[in-house]
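Right, one structure below, let's go through it.
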Amino acid sequence: MDIENLKKSFKQYLPDFIDFKNPSQKYLDEEYNYKKAISVYAHEIFDNWVKQASDSISPKEFKELLTQLLRKKIPGIDSTQSLAGWRDNSVLFDEILNNDSQTQQFMSLLHGLLKEATASDNVTNSLEPFLNWLNSMDCPPNLTKVFPSFKGFLFIWNPSQHFFIKPRIFDRFLRSIGEKPLGTGYRLTPDEYQRILKIMNEIGKELADWHPKDMIDLHSFFWIVQDSTTLKTNDGKKIKDNVKNLMEEPGAQETLQRVDLPLNLILYGPPGTGKTFELETNMFPKFTGEKEKRFEFITFHQSYSYEEFVEGIKPVVDETFGSGLTYEVRDGIFKQMVERAIRDPLNSYALFVDEINRANISKVFGELITLLESDKRMVWDTDTGKWVGGLRVRLPYKHTQSPEAELFGVPNNLYIVGTMNTADRSIALLDTALRRRFQFSELMPRPDLLGKKPVRCPDNEILIDLEKLLEAMNDRIEFLFDRDHQIGHAYFISIQNYADLERVFINQIIPLLQEYFYSDWEKIQLVLGDLEETLDKDGKPKARQDAIISYRIPEVHALLGAVDQFGSQRIYEMPEQIQPKSIIKIYDAS
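When we follow our numbering, the leftmost residue of the sequence shown carries the number 4, and every step to the right adds one.
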């Protein structure tokens with residue numbers, strides 16, 4: 004575990020941080036205070052119950068108390084708890100606690116868990132039956148990790164001893180420190196939970212000079228450094244670990260400097276997931292004295308051609324006399340990048356191709372599609388100072404004019420990185436030649452990146468949780484359509500205030516949903532949580548009073564005259580303004 008690098012990453016995010024006894028105000032506001040407040044509030048609500056028998060309150064009273072803790076504002080905090088998502092709450096309240104019998108069983112198991120957790124970090128005796136019961140209820144595997152550690156109160160009940168697990172993000176953290184992840188699809192066991200506590204306690208020892216007070220400090224440390232492959236420089240730019248030693252001191256390079264990426268890579272995912280940002284900012288940032296960037300960025304389209312990409316004959320006007328045309332063979336962007344990479348063999352170069360699936364790949368790459376393969380690339384021999392090996396070919400334009408010219412090959416320090424929007428075309432339809440030669444990396448929406456960016460409503464009373472908002476919409480989109488048409492976090496990443504959020508919804512989110520669902524407004528309303536269970540006069544679900552998309556049902560006779568072959572029909576209306584409560588109800592309909 005490279006604790007010093009993790010500490011460096013932590014302090015780059017919080018430059019005013021000294022230690023956990025003297026943290027910055029930003030740390031207290033964003034990480035510590037609200038977690039501590041949840042713990043204090045949990046004890047205020049449930050202390051008496053834990054001291055008495057588990058059946059000392061009714062299932063209805065228990066659910067009301069639980070609702071106060073998990074779905075209402077925390078006293079002294081402007082928002083509801085944000086450690087666990089709305090989905091988790093939905094599973095807990097609507098599936099696990101959906102009748103008195105199951106609620107009583109949950110209460111009994113939780114009662115024993117909290118009694119044991121009050122005094123000890125070893126809760127195996129009570130955790131095992133708690134987990135067994137969740138498994139018998141067919142609780143999703145990832146929630147067997149969330150429920151005991153948070154909704155089972157371990158973390159908030161005794162934060163000096165217990166830790167909250169957010170599965171996907173915590174697994175990424177475990178991998179980054181060289182520990183075995185819990186694993187997607189695997190259920191939590193008491194032994195695994197004890198292993199997690201041991202790891203976090205070891206981290207606590209490594210951070211002894213920062214004086215962590217409790218697991219809240221360790222959880223906050225994990226949360227800030229969890230994406231440990233990404234470090235921020237002082238000016239806010241991010242640099243990934245996979246960009247290894249790209250630049251030493253100018254003139255001091257004597258060995259090959261290679262980026263740890265596939266030579267041919269395609270990033271794919273729904274719109275707004277940061278594919279372009281990943282390319283330009285993280286993979287090939289401009290560095291330590293560089294006079295120019297070592298990548299170029301282009302966008303494919305339906306009419307993009309070989310002549311633009313590789314080489315082609317272009318007309319040239321006689322500049323001296325202003326008349327007459329000549330024709331020359333001109334290099335395209337790919338050939339230009341090949342030449343640059345060949346001239347600078349010690350460094351890595353890249354060509355980023357946005358919307359790579361929009362062009363006719365066979366037409367654009369031509370015979371060079373084969374040269375992209377890793378085993379067909381030229382390799383720099385540091386002993387001889389020459390490019391060796393690889394497949395080399397004659398080009399149709401250049402070698403027709405100059406048969407004696409050197410054959411054309413592609414060096415192995417040139418990376419081709421493309422992006423494709425899965426909402427536009429399925430990968431299954433992608434050109435076979437491209438799929439065979441490129442590796443694929445999926446970039447999906449990251450609602451967790453929005454967790455620290457709540458938006459304050461105009462009345463300053465309530466904060467809108469962007470993480471829960473995006474999760475709720477994407478879960479519904481995946482159910483109603485598919486996972487390739489989710490909404491990316493990039494749509495929300497720059498939002499600073501409610502006016503920004505309202506503008507994004509009106510100008511981007513709603514039009515995007517129109518495109519996804521081909522103006523099927525009822526599905527759009529379902530995504531936005533606009534419909535009630537009761538039916539309107541046309542027999543369809545009625546819109547809520549706080550619906551974002553409204554409609555009217557005109558009288559057919561009044562609208563069209565004496566015509567009876569048409570049934571009632573809704574005429575939908577786009578909003579000009581959106582009330583904060585209409586957005587909040589997307590993820591919190593209570």
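Just so you know, even glycine gets a beta-carbon here, dropped at the ideal spot from N, CA and C. A quick note: this is a predicted structure, and the numbers were derived from the prediction, not measured.
CA-to-CA distance, residue j to residue i, given in whole angstroms
i, j, result
"residue 421", "residue 393", "23 Å"
"residue 6", "residue 122", "30 Å"
"residue 514", "residue 524", "11 Å"
"residue 502", "residue 9", "36 Å"
"residue 329", "residue 404", "15 Å"
"residue 306", "residue 150", "53 Å"
"residue 275", "residue 507", "12 Å"
"residue 465", "residue 585", "13 Å"
"residue 410", "residue 339", "15 Å"
"residue 106", "residue 67", "12 Å"
"residue 19", "residue 13", "11 Å"
"residue 95", "residue 365", "52 Å"
"residue 64", "residue 505", "37 Å"
"residue 489", "residue 142", "25 Å"
"residue 44", "residue 51", "13 Å"
"residue 308", "residue 451", "40 Å"
"residue 380", "residue 282", "22 Å"
"residue 378", "residue 264", "15 Å"
"residue 337", "residue 179", "35 Å"
Burial state of residue i (16 or more Cβ within 10 Å)
i, result
"residue 471", "buried"
"residue 319", "exposed"
"residue 497", "exposed"
"residue 301", "buried"
"residue 314", "buried"
"residue 215", "buried"
"residue 562", "exposed"
"residue 253", "Because residue 253 carries a pLDDT of 35, less than 50, the predicted location of this residue cannot be relied on, and the following value inherits that uncertainty. Looking at its Cβ environment, which holds fewer than 16 other Cβ atoms inside 10 Å, residue 253 is exposed."
"residue 522", "exposed"
"residue 171", "exposed"
"residue 594", "A question about residue 594 goes unanswered here, because the residues of the chain that appear run from 4 up to 593."
Residue i vs residue j beta-carbon contact at 7 Å
i, j, result
"residue 346", "residue 352", "no"
"residue 30", "residue 80", "no"
"residue 220", "residue 49", "no"
"residue 185", "residue 194", "no"
"residue 196", "residue 144", "no"
"residue 269", "residue 354", "no"
"residue 423", "residue 359", "yes"
"residue 530", "residue 574", "no"
"residue 110", "residue 57", "yes"
"residue 528", "residue 552", "yes"
"residue 272", "residue 98", "no"
"residue 137", "residue 147", "yes"
"residue 374", "residue 413", "yes"
"residue 115", "residue 104", "no"
"residue 153", "residue 117", "no"
"residue 469", "residue 456", "yes"
"residue 535", "residue 545", "yes"
"residue 167", "residue 229", "no"
"residue 218", "residue 162", "yes"
"residue 426", "residue 485", "no"
"residue 2", "residue 317", "With the chain covering 4 to 593 only, the question about residue 2 has no answer from this structure."
"residue 211", "residue 160", "no"
"residue 101", "residue 73", "no"
"residue 550", "residue 533", "yes"
"residue 475", "residue 590", "yes"
"residue 467", "residue 581", "no"
Proximity to residue i [Cα-Cα], best of the options
i, options, result
"residue 41", "227, 76 and 532", "76"
"residue 442", "178, 376 and 545", "376"
"residue 511", "17, 491, 383 and 582", "491"
"residue 356", "267, 539, 577 and 224", "267"
"residue 454", "34, 27, 192 and 17", "34"
"residue 134", "120, 112 and 119", "112"
"residue 3", "59, 180, 198 and 223", "Because the chain in this structure spans residues 4 to 593, residue 3 falls outside the shown range and cannot be described."
"residue 200", "158, 212 and 227", "158"
"residue 227", "16, 336, 578 and 571", "16"
"residue 312", "279, 564, 398 and 379", "398"
"residue 362", "389, 303, 576 and 417", "303"
Check: residue i C-beta below 6 Å from any heavy atom of the ligand ADP
i, result
"residue 275", "Of ligands this structure carries none, so the ligand ADP is not represented either."
Legend entry - Any alpha helix (DSSP H) of 4 or more consecutive residues that is wholly inside the segment 289 to 366: List check, alpha helix (DSSP H) in window: 309 to 312 and 336 to 346.
Legend entry - Whole beta strand (DSSP E) elements within the segment 483 to 552, 3-residue minimum: If we require 3 residues or more, the beta strand (DSSP E) runs fully inside the segment 483 to 552 come out as 534 to 538 and 544 to 546.
Legend entry - Completely contained alpha helix (DSSP H) runs for the segment 105 to 170, where each covers 4 or more residues: Those alpha helix (DSSP H) runs which fall completely within the segment 105 to 170 and span 4+ residues are 127 to 139, 146 to 149 and 157 to 160.
Inset, instruction - Jot down the residue ranges of each uninterrupted alpha helix (DSSP H) in the segment 58 to 100, minimum 4 residues, whole runs only, in chain order. - result: Listed in chain order, the complete alpha helix (DSSP H) runs (minimum 4 residues) inside the segment 58 to 100 are 62 to 74 and 89 to 94.
Legend entry - Ranges of the alpha helix (DSSP H) found wholly within the segment 25 to 62, counting only runs of at least 4: Fully enclosed alpha helix (DSSP H) runs of 4 or longer: 36 to 54.
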